[in-house]
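Enquirer: Following the working numbering, the numbering of the sequence shown begins with 5 at its first residue and continues without gaps.
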Amino acid sequence: MSRQAVVCCALILCTTSTVHGIAIPFTATGADKDDPNLVAQVTAFRVLLGDLNANDPTTFSSGRREINWDAVPESSSSPNAFAGNFFNGSTTGRARGIVFDTTGTGFEVSANAINSTGTPVEFGNINPNYPNEFGVFSAQKLFAILGTNTMEITFFTAGDQTTPATVNGFGVIFTDVNDGMSTYVDYYDGCGALLQRVFAPAGEQGSESLSFVGVFFSGGERVARVVITCGSAALGANVNDNGEDIVVMDDFIYGEPQASVDSDGDGAPNDCDLFPDSPLCGASPCGPGLGLFGFFVPAFVGVRSMRRRLVR
């Protein structure tokens with residue numbers, strides 16, 4: 005079939021509350037983990053998500069999950085690879101309902117200061133300059149993408165680890181962001197529509213700074229997928245901050261993954277299940293032969309988004 009682009013609402017700019025309730029973005033920077041502004045923003049984000057749930061293979065009705073990497077064993081830390089499904093396990097500690105994927109070569113969690121192989125901390129095994137570039141929010145391990153600078157996150161119910169799930173918010177701590185346009189987080193609904201894009205602010209100092217990005221969706225909309233662009237280049241033995249913006253991550257903070265529900269029968273769990281009267285939600289917006297996509301446009305005052313429907 006031919007593809008016809010139908011531009012919803014004549015591409016009228018509208019606030020996120022018009023179509024998808026209210027998205028509450030959080031951004032902050034700090035020289036270290038004790039910076040008052042950084043701590044305040046992270047704390048406020050945690051409060052909105054709810055109480056911290058136990059890392060058990062149980063699906064809770066509310067609350068949040070967190071990953072700080074520090075309990076990752078040596079066998080899954082530098083110089084060893086880190087499995088993208090490590091935190092979608094069925095055992096306590098690994099049951100957190102989250103899976104990572106990348107088009108690169110994989111992931112790595114940095115080594116503890118004391119380890120049996122003498123591996124340097126903060127990815128010094130990849131590049132000896134990196135320990136002087138990166139800081140930590142929760143000591144002492146960090147998380148990195150290998151072979152590229154992008155990754156995708158999807159969610160599953162922690163109770164069975166197989167049921168696709170969505171969350172009401174997601175946040176991440178970055179370290180050593182020097183360029184305010186190099187690092188950002190994209191939030192997608194179950195239909196593939198981009199709900200929000202938020203850029204990580206540049207750090208307050210040239211190295212070891214911390215930057216936080218988080219979005220809480222208060223209108224009932226749900227996030228099915230998160231895509232992170234982390235700096236301008238992948239880590240490498242000869243890749244340094246003097247030519248690229250090299251960025252890695254610390255804590256992940258996100259709402260309890262809940263099972264996706266297709267309540268309107270359009271063939272896909274998405275925000276149209278929550279907002280069926282939206283002008284974006286016609287007959288089967290995500291059914292066979294039809295895709296719903298979106299893109300985000302930042303504005304100087306407030307946050308505005310344009311969305312479009314592509315009909316095949």
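Beta carbons: idealized from backbone N, C-alpha and C, even for Gly.
A quick note: this is a predicted structure, and the numbers were derived from the prediction, not measured.
Residues in its own chain within less than 6 Å of G34 by CB, not counting five upstream and five downstream?
Expert: Along the sequence shown, read from residue 1 onward, the residue named residue 34 stands at position 30. Taken in chain order, the residues that qualify are L42 and L214.
Enquirer: At 3 residues or longer, what runs of the beta strand (DSSP E) sit wholly inside the region 83-114?
Expert: DSSP runs (the beta strand (DSSP E)) wholly in the region 83-114: 102-105 and 110-113.
Enquirer: Any idea if V76 is buried or exposed, counting beta-carbon neighbours within 10 angstroms, 16 or more meaning buried?
Expert: Taking the first residue of the sequence shown as 1, we reach residue 76 at position 72. When all chains shown are included, V76 counts as buried.
Enquirer: Give the straight-line distance between the Cα atoms of N84 and E78, rounded to the nearest whole angstrom.
Expert: Here residue 84 corresponds to residue number 80 of the sequence shown, with the count starting at 1. Here residue 78 corresponds to residue number 74 of the sequence shown, with the count starting at 1. Their Cα atoms are separated by approximately 8 Å.
Enquirer: Give me the Cα-Cα distance between V2 and N244, rounded to the nearest whole angstrom.
Expert: The shown model of the chain, from 5 to 316, leaves out residue 2, and the question about it has no answer.
Enquirer: Please name the residue or residues paired with R226 in a DSSP beta bridge.
Expert: Here residue 226 refers to the residue found at position 222 when the sequence shown is read from its first residue. Answer is none; R226 lacks a bridge partner.
Enquirer: Let me confirm a value: L199 is counted as buried when at least 16 other C-beta atoms fall within 10 Å, else exposed. Which label applies?
Expert: As a working mapping, residue 199 is identified with position 195 in the sequence shown. By the 10 Å Cβ count, L199 comes out buried.
Enquirer: Could you give the first and the last residue of the continuous alpha helix (DSSP H) run that contains Q200?
Expert: In the sequence shown, residue 200 corresponds to position 196, counting from 1. Note, Q200: premise wrong, no alpha helix (DSSP H); beta strand (DSSP E) at L198 to F203.
Enquirer: Between which two residues does the beta strand (DSSP E) harbouring V243 extend?
Expert: In the sequence shown, the residue the question calls residue 243 occupies position 239. That residue, V243, is in no beta strand (DSSP E); it is neither H nor E in DSSP.
Enquirer: Determine the direct distance from the alpha carbon of F221 to that of D60, and round the result to whole angstroms.
Expert: The count along the sequence shown starts at 1 and reaches residue 60 at position 56. The count along the sequence shown starts at 1 and reaches residue 221 at position 217. Rounded to the nearest angstrom, the two C-alpha atoms are 25 Å apart.
Enquirer: What residue from G67, A115, V181 and E208 has the CA that sits closest to E248's CA?
Expert: By one-based count along the sequence shown, residue 248 stands at place 244. Nearest C-alpha to E248: V181.
Enquirer: Go ahead and pull the three-state DSSP assignment for P77.
Expert: The sequence position of residue 77 within the sequence shown is 73, counting from 1. In the structure shown, P77 sits in coil (DSSP, three-state: anything other than H, G, I, E or B).
Enquirer: Count the other CB atoms, across all protein chains shown, that sit within 10 Å of the CB of F56; report buried if there are 16 or more and exposed otherwise.
Expert: By 1-based counting over the sequence shown, the position of residue 56 is 52. It should be pointed out that residue 56 corresponds to Leu in this sequence rather than to Phe. Exposed.
Enquirer: Got a sec? Which residues, its chain only, sit under 7 Å from T109 by beta carbon, not counting five neighbours each side?
Expert: In the sequence shown, residue 109 corresponds to position 105, counting from 1. L150 and G151.
Enquirer: Could you tell me whether the Cβ atoms of V219 and F159 are closer together than 9 Å?
Expert: As a first step, residue 219 must be located in the sequence shown, where it is residue number 215. As a first step, residue 159 must be located in the sequence shown, where it is residue number 155. Taking 9 Å as the Cβ cut-off, V219 and F159 do not qualify as a contacting pair.
Enquirer: Kindly identify the DSSP beta-bridge partner or partners of D190.
Expert: Translated into the one-based positions of the sequence shown, residue 190 becomes position 186. Its beta-bridge partners are R201 and V231.
Enquirer: Can you look up L52 in the DSSP assignment and give me helix, strand or coil?
Expert: For the purposes of this step, residue 52 is identified with residue 48 of the sequence shown, where counting begins at 1. The answer is helix: DSSP assigns L52 an H, G or I state.
Enquirer: For K145, which of G175, N153 and E126 has the nearest alpha-carbon?
Expert: Sequence index remark: in the sequence shown, residue 145 carries index 141 (1-based). Nearest C-alpha to K145: E126.
Enquirer: Report the rounded CA-to-CA distance for A287 versus T179, giving the unit in angstroms.
Expert: For the purposes of this step, residue 287 is taken as the residue at position 283 of the sequence shown. For the purposes of this step, residue 179 is taken as the residue at position 175 of the sequence shown. Because the pLDDT of A287 is 48, which lies under 50, any placement of that residue in the model is unreliable, and the question is left without a value.
Enquirer: Can you give the Cα-Cα distance for F111 and S80, rounded to whole angstroms?
Expert: For the purposes of this step, residue 111 is taken as the residue at position 107 of the sequence shown. For the purposes of this step, residue 80 is taken as the residue at position 76 of the sequence shown. Cα-Cα distance, rounded: 10 Å.
Enquirer: Quick check on the DSSP output: the beta strand (DSSP E) that includes I4 runs from which residue to which?
Expert: The chain is shown only over 5 to 316; residue 4 falls outside these bounds and no answer can be derived.
Enquirer: Starting from the C-beta of A169, find all residues in its chain whose C-beta is less than 7 Å away, skip the five residues before and the five after it, and write them out in chain order.
Expert: Translated into the one-based positions of the sequence shown, residue 169 becomes position 165. For A169, where only same-chain residues beyond five positions count, the Cβ hits under 7 Å are G101, F159, F160, T161, P261, Q262, A263 and S264.
Enquirer: Where does A44 land, buried or exposed, given buried means 16+ other C-beta within 10 angstroms?
Expert: Counted from its first residue, the sequence shown places residue 44 at position 40. It is exposed - the Cβ of A44 has fewer than 16 other Cβ atoms within 10 Å.
Enquirer: With a threshold of 16 other CB atoms inside 10 Å of the CB of T107, please say whether the residue is buried or exposed.
Expert: As a first step, residue 107 must be located in the sequence shown, where it is residue number 103. When all chains shown are included, T107 counts as exposed.
Enquirer: Is it right to say S82 is buried, meaning 16 or more other beta carbons lie within 10 angstroms of its own, or is it exposed?
Expert: Walking along the sequence shown from the start, residue 82 turns up at place 78. With 16 or more other Cβ atoms within 10 Å, it is buried.
Enquirer: Which residue's Cα is closest to the Cα of I130: I250, P205 and D270?
Expert: Looking up residue 130 in the sequence shown gives position 126. Minimum Cα distance to I130 is reached at I250.
Enquirer: Among all the DSSP beta bridges, which residues are the ones paired with I157?
Expert: The count along the sequence shown starts at 1 and reaches residue 157 at position 153. According to DSSP, which records beta bridges pairwise, I157 is partnered with F104 and V230.
Enquirer: Which residues in the same chain have their Cβ closer than 7 Å to the Cβ of E70, if we skip the five residues on either side of it in sequence?
Expert: Start at 1 with the first residue of the sequence shown, and residue 70 comes out as number 66. If we look at E70 and ignore the five residues flanking it on each side, its Cβ neighbours are L56, D255, F256 and I257.
Enquirer: Report the residue from G259, D270, I28 and V46 whose alpha carbon sits nearest the alpha carbon of T63.
Expert: For the purposes of this step, residue 63 is taken as the residue at position 59 of the sequence shown. Here the closest residue by C-alpha is G259.
Enquirer: According to DSSP, is Q144 part of a helix, a strand, or is it coil?
Expert: Locating residue 144 in the sequence shown gives position 140, counting from the first residue. Looking at Q144 - three-state DSSP - the assignment turns out to be coil, as it is neither helix nor strand.
Enquirer: Tell me the DSSP secondary structure of V46 in three-state form.
Expert: By one-based count along the sequence shown, residue 46 stands at place 42. Correct three-state label for V46: helix.
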